[in-house]
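**Q** Quick one: structure below, then a few questions.
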Amino acid sequence: MKLQFGEMLKRLRKEKDITQEKFSEVIGVSGQSVSRWESGVCYPDVELLPTIANYFGVSIDSLLLNDNQSKQADKERFSVEWNNLEYGSKEMLDFVKEYCRKYPEDDYYVWSYSCVLATYILKNEEGREENLSILRKNTERLLNNTQYRDGMLELMVTACNEQELDKWLDFCPYLSVFNRRGALVYRYNRRMDSEHMYIHQGLEALENYSYQLDRRYPDSFGASKKAEYHRNVLSIIKNFGNGNEPPDGWKLFYAYKQLVLSACLFGEGKTAEGWQEFKSAIAKYKYIFNLNQEYLDIGGELFSNLKVNKNWTVAINEKGEKFDLFGISHLSFYSCEFLYNFLTNTRWAWFDSVRNEPEYVEAIRWAELQK
């Protein structure tokens, strides 16, 4: 077991603001002895340990910490001192840097240093490139550390220049608790760029709502329960608009959910209600395919007054600026090939009772012509 007596003694002495010479006089040894203890060359006689411990007001055990105990004590001291410093200041930056030098293999201090460094970069142009270089190295180092990976990417996305933004965003998944869009929202929030933060929050809402509302409901629960689930989904989407009709940008998504609901209703034997939803869904498909507008409304303030193209790959704001959408293009249902495949898929056994009906056959024929 390696003792950390020398480091502990030096730290306690400095905290008490006493020189080696003065301390040596207090305990009755030479200044050279104290210097040798602190440098780790040797240790004091056992008989002196109570005197030293009493002088500093600590236990003898605390003077003889092993490596792990010393590291834990340092982390506790680090946390206390950290909270007394101005976040993002040069003083805090230098403070954390010292711990990184002392514990170069400890990712905790690299993470802490990076947090302060990212804030410092945003506040100070001086030394920006050098500090960005350090932050890059830290991020690359922690990419394989599951505890710090996502946080490091957020810091890097926040602090980096526009030229390398996509490089770091490519490490972020499209849709998950930590995602590409969320990292962008974090970037503009930290940069106090309210305009772009507002836009990306709207895009984030669209992507998250789309993903969540398209979650599959198990067929094994039965047609009745699945129908109720889809009624709730349709109610939510309808309220993105005026409460009676979904906005045009959501209509194809809504129509798909109506088709699923119609299948459930046919499966329940509620034929008249099933046809009502089915015909309404096909009418929405025809309406959207006949629209000439390139960009469609999706719900006003809830989605930052953005509009989207029909296949949900690009959004546009009120200034005409365009933004790529992440991870939801497969949910647009704009392709009539999708509609054709859906209607002809034998997996949907609940449609079997109506597959030969004129309305159903006509819907398939129309979808096939549009492919």
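The sequence shown begins at 69 in the numbering used here and counts up one residue at a time.
Don't be surprised by glycine CBs; every beta carbon is placed ideally from N, CA and C.
Mind checking Pro-286: buried by the 16 CB within 10 Å criterion, or exposed?
**A** Along the sequence shown, read from residue 1 onward, the residue named residue 286 stands at position 218. By the neighbour-count rule (16 or more Cβ atoms within 10 Å), Pro-286 is not buried but exposed.
**Q** Taking the Cβ atom as the reference point for each residue, do Cys-404 and Lys-347 lie within a distance shorter than 8 angstroms?
**A** Numbered from 1 along the sequence shown, position 336 holds the residue referred to as residue 404. Numbered from 1 along the sequence shown, position 279 holds the residue referred to as residue 347. No, they are not a contact pair.
**Q** With 16 other CB atoms within 10 Å as the buried threshold, where does Glu-427 fall?
**A** Counting from one through the sequence shown, the residue named residue 427 turns up at place 359. Per the 10 Å Cβ criterion, exposed.
**Q** Can you give me the C-alpha to C-alpha distance between Phe-163 and Asp-365, rounded to a whole angstrom?
**A** Taking the sequence shown and counting its residues from 1, one reaches residue 163 at position 95. Taking the sequence shown and counting its residues from 1, one reaches residue 365 at position 297. The straight-line gap from Cα to Cα measures roughly 51 angstroms.
**Q** Would you report the Cα separation of Glu-263 and Pro-241, rounded to the nearest angstrom?
**A** For the purposes of this step, residue 263 is taken as residue 195 along the sequence shown, with counting starting at 1. For the purposes of this step, residue 241 is taken as residue 173 along the sequence shown, with counting starting at 1. So the alpha carbons of these two residues sit roughly 24 angstroms apart.
**Q** What are the uninterrupted segments assigned as beta strand (DSSP E) that are 3 or more residues long and contained completely in the stretch 131-183, given in chain order?
**A** Correct list: empty.
**Q** Measuring CB to CB, does Val-225 end up less than 8 angstroms from Asn-206?
**A** Here residue 225 corresponds to residue number 157 of the sequence shown, with the count starting at 1. Here residue 206 corresponds to residue number 138 of the sequence shown, with the count starting at 1. No; because the gap between Cβ atoms is not below 8 angstroms, this pair is not in contact.
**Q** Tell me whether the beta-carbon of Asp-218 lies closer than 8 angstroms to the beta-carbon of Phe-246.
**A** For the purposes of this step, residue 218 is taken as the residue at position 150 of the sequence shown. For the purposes of this step, residue 246 is taken as the residue at position 178 of the sequence shown. Result yes, Cβ atoms of Asp-218 and Phe-246 sit closer than 8 angstroms.
**Q** What distance in whole Å lies between the Cβ atoms of Glu-106 and Gly-156, which are believed to be in contact at a cut-off of 8 angstroms?
**A** Here residue 156 corresponds to residue number 88 of the sequence shown, with the count starting at 1. Here residue 106 corresponds to residue number 38 of the sequence shown, with the count starting at 1. Their Cβ separation, rounded to whole angstroms, is 33 angstroms, which puts Gly-156 and Glu-106 out of contact at 8 angstroms.
**Q** Going by beta-carbon coordinates alone, are Ser-372 and Gln-215 separated by less than 8 angstroms?
**A** To locate residue 372, count along the sequence shown from 1; it is residue 304. To locate residue 215, count along the sequence shown from 1; it is residue 147. Not closer than 8 angstroms, so no.
**Q** Does DSSP put Val-109 in a helix, in a strand, or in coil?
**A** Numbered from 1 along the sequence shown, position 41 holds the residue referred to as residue 109. In this structure, Val-109 counts as coil in the three-state DSSP scheme.
**Q** Could you tell me the boundaries of the alpha helix (DSSP H) in which Leu-223 lies?
**A** If you number the sequence shown from 1, residue 223 lands on position 155. Per DSSP, Leu-223 belongs to the alpha helix (DSSP H) from 217-227.
**Q** Measuring only the C-alpha atoms, how far is Lys-306 from Leu-370?
**A** As a working mapping, residue 306 is identified with position 238 in the sequence shown. As a working mapping, residue 370 is identified with position 302 in the sequence shown. About 13 angstroms.
**Q** Would you tell me roughly how many angstroms separate the C-alpha atoms of Asn-152 and Tyr-188, rounded to the nearest one?
**A** Numbered from its first residue, the sequence shown carries residue 152 at position 84. Numbered from its first residue, the sequence shown carries residue 188 at position 120. The alpha-carbon atoms of Asn-152 and Tyr-188 are separated by roughly 17 angstroms.
**Q** What is the DSSP secondary structure of Asp-234, counted as helix, strand or coil?
**A** Taking the first residue of the sequence shown as position 1, residue 234 is located at position 166. The answer is helix: DSSP assigns Asp-234 an H, G or I state.
**Q** Beta carbon of Met-260: closer than 7 angstroms to some heavy atom of the ligand ZN?
**A** Because no ligand of any kind appears in the structure shown, any question about the ligand ZN cannot be addressed here.
**Q** Compare the beta carbon distance of Arg-249 and Glu-275 with 8 angstroms and say whether it is the shorter of the two.
**A** By 1-based counting over the sequence shown, the position of residue 249 is 181. By 1-based counting over the sequence shown, the position of residue 275 is 207. For Arg-249 and Glu-275, yes; Cβs fall inside 8 angstroms.
**Q** Here's a check: name, in chain order, each residue in its chain whose Cβ is nearer than 6 angstroms to the Cβ of Val-328, leaving out the five neighbours to either side.
**A** As a first step, residue 328 must be located in the sequence shown, where it is residue number 260. So the qualifying residues of the chain are His-298.
**Q** What first and last residue would you give for the alpha helix (DSSP H) that runs through Val-94?
**A** Indexing the sequence shown from 1 puts residue 94 at position 26. Unbroken alpha helix (DSSP H) run through Val-94: 88-95.
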